[in-house]
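Chemist: For the record, the sequence lines run as chains Z and R.
Each number in the numbering used here comes from the position in the first sequence (counting from 1) with 53 added on.
Each number in the numbering used here comes from the position in the second sequence (counting from 1) with 53 added on.
2 protein chains.
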Amino acid sequence: MAVHVLTLLAWAGDEPLKSEEIACSVNTNAVVIRRILCALGRAGLVTSQTGAAGGSRLARPAREITLRDVYRAVEGQDIFALHRQPPNPKCRVGVNIEGVLGDVLAAVGGAVEQVLGEISVESIRQSIKTSSRSSSNRSSSSRRQPRRKRA
Amino acid sequence: MAVHVLTLLAWAGDEPLKSEEIACSVNTNAVVIRRILCALGRAGLVTSQTGAAGGSRLARPAREITLRDVYRAVEGQDIFALHRQPPNPKCRVGVNIEGVLGDVLAAVGGAVEQVLGEISVESIRQSIKTSSRSSSNRSSSSRRQPRRKRA
DNA sequence: CCGTTTGTATCTATATTTGTTACAAACGGC
DNA sequence: GCCGTTTGTAACAAATATAGATACAAACGG
């Protein structure tokens with residue numbers, strides 16, 4: 054949803070968008086959008102203004118905002134997590150497993166961020182533009198079902 | 054937790070472990086372990102036997118089981134997900150965003166699997182072995198707090 | 001044949017996320 | 001300076017997912 058929001062803002066250019074307008078396209082409540090915009094604002098990706106002529110716009114060119122920035126702004130930091138309840142410390146494996154898995158998760162997180170770091174909001178916008186031109190497109194044709202697990 | 058389970062099984066070697074024993078080290082309920090073992094069994098990573106002398110053991114050498122196998126066995130398929138409620142199809146961005154993001158998620162998933170595919174259960178076991186030898190270790194010393202979001 | 005263990009169903013508790021209502025603070029136009 | 005508008009945030013309800021627990025039939029070995 055955050056990527057969706059930023060893509061809309063990229064499209065709008067200089068013109069500020071109101072959370073209500075964005076919510077309409079995303080098909081959700083305006084407060085949900087404001088929460089996202091707030092997080093993006095704290096990360097320095099967007100600027101917002103209150104008041105009658107208010108709204109939000111990108112803080113810098115869409116080409117200079119990567120999905121990695123978005124990821125860091127809206128996701129906490131731990132996508133994968135360890136045991137909810139710590140393992141039994143009396144077991145030789147239990148004592149150390151969390152430390153070792155921590156390294157694994159760090160490696161995974163790094164790989165995720167590297168992939169996301171190579172994709173800009175502008176490139177997303179471009180993909181959408183081309184998608185809407187040709188309907189015989191591999192992008193939009195694939196996937197229409199995965200409504201599972203955390204948005 | 055699945056990695057924890059497999060590491061224990063790798064340690065046990067030929068001797069089958071009961072779900073109750075595993076649950077003790079992981080510090081959870083035996084049924085939770087059995088659920089994991091069942092998923093791992095369906096993926097062909099472990100074999101289990103009922104009965105008095107029953108229990109579970111690895112279906113093949115620990116070196117030939119990667120965390121990618123584990124990942125596929127226990128996680129559904131979509132770690133990241135799209136909008137819970139589909140975007141507004143009347144919006145130019147809303148129509149195509151899911152297709153484009155689907156490609157992004159596929160790329161991220163591929164990167165995750167690639168990293169996990171290079172780590173075997175055996176290497177996890179080795180890391181734990183060395184961890185427990187030297188206490189001045191970067192692995193186990195780092196991280197002790199991230200109890201956030203899904204185990 | 002009998003005790004043990006898996007596999008699975010079912011239920012509860014807990015955590016997380018989303019959606020919703022409400023409202024103070026900020027801002028621009030008049 | 002006032003007034004309507006919009007953000008930022010709090011508070012709460014609803015939906016969803018996961019973990020933990022109890023129960024029990026089926027399978028297996030001695």
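All residues carry an ideal CB built from backbone N, CA and C; glycine is no exception.
Just to confirm the assignment, what range does the alpha helix (DSSP H) spanning Q167(Z) have?
Modeler: Start and end: R145 to G170.
Chemist: Assuming S176(Z) and I118(Z) are in contact, meaning their beta carbons sit under 8 Å apart, how far apart are those beta carbons, in whole angstroms?
Modeler: Incorrect: roughly 10 Å between the Cβ atoms, too far for contact.
Chemist: Please classify L120(R): does DSSP put it in a helix, a strand, or coil?
Modeler: In this structure, L120(R) counts as helix in the three-state DSSP scheme.
Chemist: Would you list, in chain order, the members of the region 86 to 117 of chain R that have their beta-carbon closer than 7 Å to a beta-carbon of chain Z?
Modeler: Those would be none; no residue qualifies.
Chemist: Taking A134(R) as the reference, give the member of R88(R), G152(R), G107(R) and V127(R) with the closest Cα.
Modeler: Of the listed residues, the one whose Cα sits closest to A134(R) is G152(R).
Chemist: So, are the CB atoms of G104(Z) and P69(Z) less than 7 Å apart?
Modeler: Cβ distance not < 7 Å, so G104(Z) and P69(Z) don't count as in contact.
Chemist: Which residues in the same chain have their Cβ closer than 7 Å to the Cβ of D122(Z), if we skip the five residues on either side of it in sequence?
Modeler: So the qualifying residues of the chain are A96 and L98.
Chemist: Would you call the region 77 to 92 of chain R and the region 153 to 170 of chain Z touching, i.e. three or more CB-CB distances under 8 Å?
Modeler: The region 77 to 92 of chain R is not in contact with the region 153 to 170 of chain Z.
Chemist: Would you report the Cα separation of C144(R) and V58(Z), rounded to the nearest angstrom?
Modeler: Computed Cα separation, rounded: 12 Å.
Chemist: DSSP three-state label for Q179(Z), please.
Modeler: Helix, per DSSP.
Chemist: Sort Q179(Z), V148(Z) and S184(Z) by Cα distance to A63(Z) and report the nearest one.
Modeler: Closest by alpha carbon: Q179(Z).
Chemist: Once DSSP output is grouped into helix, strand and coil, what is the label at R95(R)?
Modeler: It is helical.
Chemist: Apply the 10 Å Cβ neighbour rule to G147(Z) and answer buried if 16 or more other Cβ atoms are within range, or exposed otherwise.
Modeler: So G147(Z) ends up on the buried side.
Chemist: Can you tell me the Cα-Cα spacing of L111(Z) and D67(Z), whole angstroms?
Modeler: Their Cα atoms are separated by approximately 8 Å.
Chemist: Please work out which residues of its chain come closer than 7 Å, Cβ to Cβ, to R116(R), disregarding the five sequence neighbours upstream and downstream, and give them in chain order.
Modeler: Closer than 7 Å at the Cβ level, and outside the excluded window around R116(R), lie S173 and E175.
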